[in-house]
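Participant: Sequential numbering of the sequence shown, starting at 150, is according to the numbering used here.
The beta-carbon is built from N, C-alpha and C at its ideal position, and this holds for glycine as well.
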Amino acid sequence: MSGKDRRFPLSLSSVVEKNARTPTPSAAPAIRIATPQTATQNAAQNVTRAREPGENGAIRNAPPATPSRAAPLVSDAVRVAMVARVAKQGVKDARVLAAMEAVPRHLFVQPGLASQAYIDASLPIGHHQTISQPYIVARMIEVLRDNASGGRLDKVLEIGTGCGYQAAVLSLVANEVYSIERIKPLHELAKTNLRPLRIANIRLQYGDGMLGLPQAAPFDGIILAAAGLDVPQTLLDQMSIGGRLVAPVGARHQVLQLVERISKFEWRSSTLEDCHFVPLRPGVV
Ligand code: SAH
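So this is what it looks like as structure tokens:
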């Protein structure tokens, strides 16, 4: 992918048929679980590491207090390295990796955390919520694409827009992306973050994602970015036949669950791996 191709707005075709390299995963992909609880510590620790204590505890070589979004502290090379790490952890789908390489993740985190946007960790986005860890974003989308239609995704629904990052990645692998957020300021934040990227195929919705989006259903892919104790039946009903849903399920111990809709009245569920997400909550705030 050329440097020019990586800039938004991208035409969908710029990543669709791309013969992106298929990295060879390492023999035993390391499973790392980033927890929302550690997001703030991650941020703090990395800021600490980036600084060098000077005399009398003063900070030398401290990064600028307010890094500009227009001149981020990151480069395309850092994002390429992030994608290589995601591949090393076991994500093989070249199209997903290309989409991850295309989306400027630093534009979705608070300016003060921009220098950490490409580490493999969740980071705080305010309102006790987090931007998901890059590995898990890639992994969930890979699972969604591993369908009987050879990876074709027409309509996808995301529950939990947050800052809008995963929606942006999804927009490069699906024809239409619907994303619901229950916290109004985050819904607004996602709009603000996504606007400059001018992505035509994302529809953001403020509301309770546990109710799905009946007016746009059925979906051939549904992703939950927050963990419930089970997957709401309403969402299962909004899957197309042959459609796939990926969701973190559980409370303290969570697992990533894949649900496939076999027929009008049949769903098949399988457990993929451990994970840790913020909780799925009913209603709106
Ligand atoms: N998709 C985001 C992750 C956001 S964290 C990313 O790209 O990184 C999960 C989000 O789910 C939070 O913003 C939280 O407010 C939201 N959420 C939790 N329960 C929800 C519900 N019932 N409906 C919609 N959003 C919900």
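1) For ligand 1, I want to know if A375 counts as a neighbour, meaning its beta carbon is within less than 7 angstroms of at least one of the ligand's heavy atoms.
2) What residue range is occupied by the uninterrupted beta strand (DSSP E) comprising M388?
3) Find out if the Cβ-Cβ distance for the pair K333, Y355 is shorter than 8 angstroms.
4) Check whether the stretch 273–291 and the stretch 358–365 touch, using three or more Cβ-Cβ pairs below 8 angstroms as the test.
5) Tell me which residues share the same chain as M150 and place their Cβ nearer than 6 angstroms to its Cβ, disregarding the 5 neighbours each side in the sequence.
6) For L429 and M359, what's the separation of their Cα atoms in angstroms?
7) Could you give the first and the last residue of the continuous alpha helix (DSSP H) run that contains R288?
8) Would DSSP call V229 helix, strand or coil?
9) Between L302 and ligand 1, is there a pair consisting of the residue's CB and a ligand heavy atom that are separated by less than 7 angstroms?
10) Flag L319 as yes when its Cβ comes closer than 7 angstroms to any non-hydrogen atom of ligand 2, and as no otherwise.
11) Under 7 angstroms: does the beta carbon of D357 sit that close to some heavy atom of ligand 1?
12) For R352, count neighbouring C-beta atoms within 10 Å of its own C-beta (all shown protein chains included) and say buried if the count is 16 or more, exposed if not.
13) Return the first residue and the last residue of the alpha helix (DSSP H) that Y314 is part of.
14) Since V398 contacts A376 with CB under 8 angstroms, what's their CB separation in whole angstroms?
15) In this structure, how does DSSP classify V427 when only helix, strand and coil are distinguished?
16) For C424 and V404, I'd like the C-alpha separation in whole angstroms.
17) Measuring alpha carbon to alpha carbon, tell me which residue in A251, I274 and A247 is nearest P260.
18) At what residue ranges does the stretch 317–361 contain a whole run of the alpha helix (DSSP H), taking only runs of 4 or more?
19) For K340, collect the residues of the same chain with a Cβ closer than 7 angstroms to its Cβ; drop the 5 residues on either side in sequence, then sort them by chain order.
20) Rounded to whole angstroms, what's the CA-CA distance from D369 to G309? Just pull it up for me.
21) Check whether the Cβ of T341 sits closer than 7 angstroms to any heavy atom of ligand 1, and report yes or no.
22) Is the beta carbon of D303 closer than 8 angstroms to that of N324?
23) State the DSSP-derived secondary structure class of F368, mapped to helix, strand or coil.
24) Kindly indicate which three-state DSSP category T383 falls into: helix, strand or coil?
25) When every heavy atom of ligand 1 is checked, does at least one fall within less than 7 angstroms of the C-beta of G311?
26) Tell me whether the beta-carbon of S320 lies closer than 8 angstroms to the beta-carbon of N350.
27) Suppose the cutoff is 6 angstroms on Cβ atoms and the five residues either side in sequence are ignored; what does the same chain contact list for V196 look like?
28) To the nearest angstrom, report how far apart V380 and H336 are at their CA atoms.
29) For A376, which residues does DSSP report across the bridge?
Facilitator: According to the structure data:
1) It does: the Cβ of A375 is within 7 angstroms (strictly closer) of some heavy atom of ligand 1.
2) Counting along the chain, M388 sits inside the beta strand (DSSP E) bounded by residues M388 to G399.
3) Yes, Cβ-Cβ distance for K333 and Y355 is below 8 angstroms.
4) In the pairwise beta carbon analysis, the stretch 273–291 is classified as not touching the stretch 358–365: fewer than three pairs are separated by under 8 angstroms.
5) Annotation note: pLDDT 39 at M150 (below 50); position unreliable, coordinate value reported separately. Sequence-distant partners of M150 (beyond 5 residues in either direction) whose C-beta falls short of 6 angstroms from its own C-beta are missing from its chain.
6) As the crow flies, the alpha-carbon of L429 is around 8 angstroms from that of M359.
7) From DSSP, the alpha helix (DSSP H) with R288 extends over P283 to R294.
8) Shown here, V229 sits in a helix according to DSSP, grouped into three states.
9) The answer is no for L302.
10) Absence of ligand 2 is noted for the structure shown, with ligand 1 being the only ligands found.
11) It does: the Cβ of D357 is within 7 angstroms (strictly closer) of some heavy atom of ligand 1.
12) Looking at its Cβ environment, which holds fewer than 16 other Cβ atoms inside 10 Å, R352 is exposed.
13) Taken as a continuous stretch (DSSP letters only), the alpha helix (DSSP H) holding Y314 covers Y314 to L319.
14) Indeed they touch by this definition, with Cβ atoms about 6 angstroms apart.
15) Coil, per DSSP.
16) Approximately 5 angstroms, taken between the alpha carbons.
17) When each option's Cα is compared against that of P260, the closest is I274.
18) With a minimum length of 4 residues, the continuous alpha helix (DSSP H) runs that stay inside the stretch 317–361 are 333–343.
19) The answer, listed in chain order, is L353.
20) The straight-line gap from Cα to Cα measures roughly 17 angstroms.
21) Checking the Cβ of T341 against ligand 1 gives no.
22) Contact flag set, yes.
23) In the structure shown, the three-state DSSP call for F368 is strand.
24) Of the three classes helix, strand and coil, the one that applies to T383 here is helix, per DSSP.
25) Distances between the C-beta of G311 and the heavy atoms of ligand 1 include at least one below 7 angstroms.
26) Yes, the pair counts as a contact, with Cβ atoms nearer than the cut-off.
27) Note that V196 scores 34 on pLDDT, short of 50, meaning its location in the model is unreliable; the coordinates nonetheless yield the value given after this. Here the set comprises nothing.
28) Cα-Cα distance, rounded: 22 angstroms.
29) A376 pairs with P428.
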